[in-house]
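The sequence shown begins at 962 in this note's numbering and counts up one residue at a time. All C-beta atoms in this analysis are idealised placements derived from N, C-alpha and C, irrespective of residue type, glycine included.
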Amino acid sequence: MAEDKRQKGGFEHVGNIIEQVVQRWRKQSGDVLDRVATEWAVIVGPAIAQNTRPFALKGSMLIVNVESPGWIHQLQYLKGEIVSKVNTELGAGIVDDIKFRIGRV
């Protein structure tokens, strides 16, 4: 329908365009987050996987819930390695950074 309006020289309300973009972006980031969550134990290993959980993906930043501040401290040292492993498993450029936060695991 949107294409028909554009082909006839009509206009489409900007709200409709924004809604379509947001829905497409949410689906894509949700699909990627599902893939990360599915492969998480393989990517980080069983000990880290038991104390962490991928929570959200905002652009190329992965937000990971962590059990305790001690784990956050330890994971900061492993951040680069985890980013590299995520991109190796799921495709280059999926994750550029990780933010660790205390949250439900």
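### Task
Give the straight-line distance between the Cα atoms of Met1022 and Phe1061, rounded to the nearest whole angstrom.
The residue labelled residue 1022 in the question sits at position 61 within the sequence shown. The residue labelled residue 1061 in the question sits at position 100 within the sequence shown. Met1022 and Phe1061 have their C-alpha atoms spaced approximately 10 Å apart.
### Query
Out of curiosity, what's the CA-to-CA distance linking Thr999 and Gly1041?
Within the sequence shown, numbered from 1, the residue matching residue 999 stands at position 38. Within the sequence shown, numbered from 1, the residue matching residue 1041 stands at position 80. Inter-residue distance for Thr999 and Gly1041 is about 20 Å (C-alpha atoms, whole angstroms).
### Message
As a quick exercise: from Arg1065, Ala1008, Asp992, pick the residue whose alpha carbon is nearest that of Leu1036.
### Response
Reading the sequence shown from its first residue, position 75 is the one you call residue 1036. Comparing Cα positions, the closest option is Ala1008.
### Message
Taking its Cβ as the centre, do 16 or more other Cβ atoms sit within 10 Å of Val975, making it buried, or is it exposed?
### Response
For the purposes of this step, residue 975 is taken as the residue at position 14 of the sequence shown. Classification for Val975: exposed.
### Task
Work out the CA separation of Gly1020 and Ala1002 for me, nearest whole Å.
Walking along the sequence shown from the start, residue 1002 turns up at place 41. Walking along the sequence shown from the start, residue 1020 turns up at place 59. In this model, Ala1002 and Gly1020 are separated by some 22 Å (Cα to Cα).
### Message
My output table needs one value for Ala1017: the three-state DSSP class, helix, strand or coil.
### Response
Locating residue 1017 in the sequence shown gives position 56, where the first residue counts as 1. Correct three-state label for Ala1017: strand.
### Task
Closer than 8 Å by C-beta to Val1025: which residues in its own chain qualify, once you throw out the five before and the five after it? Chain order, please.
Position 64 of the sequence shown, counting from 1, holds the residue named residue 1025. Result list for Val1025: Thr1013, Arg1014, Pro1015, Phe1016, Leu1036, Ile1059, Lys1060, Phe1061, Arg1062, in chain order.
### Query
Do Leu1051 and Val1005 have their C-beta atoms closer together than 8 Å?
Counted from its first residue, the sequence shown places residue 1051 at position 90. Counted from its first residue, the sequence shown places residue 1005 at position 44. Against a cut-off of 8 Å, the Cβ pair of Val1005 and Leu1051 comes out as no contact.
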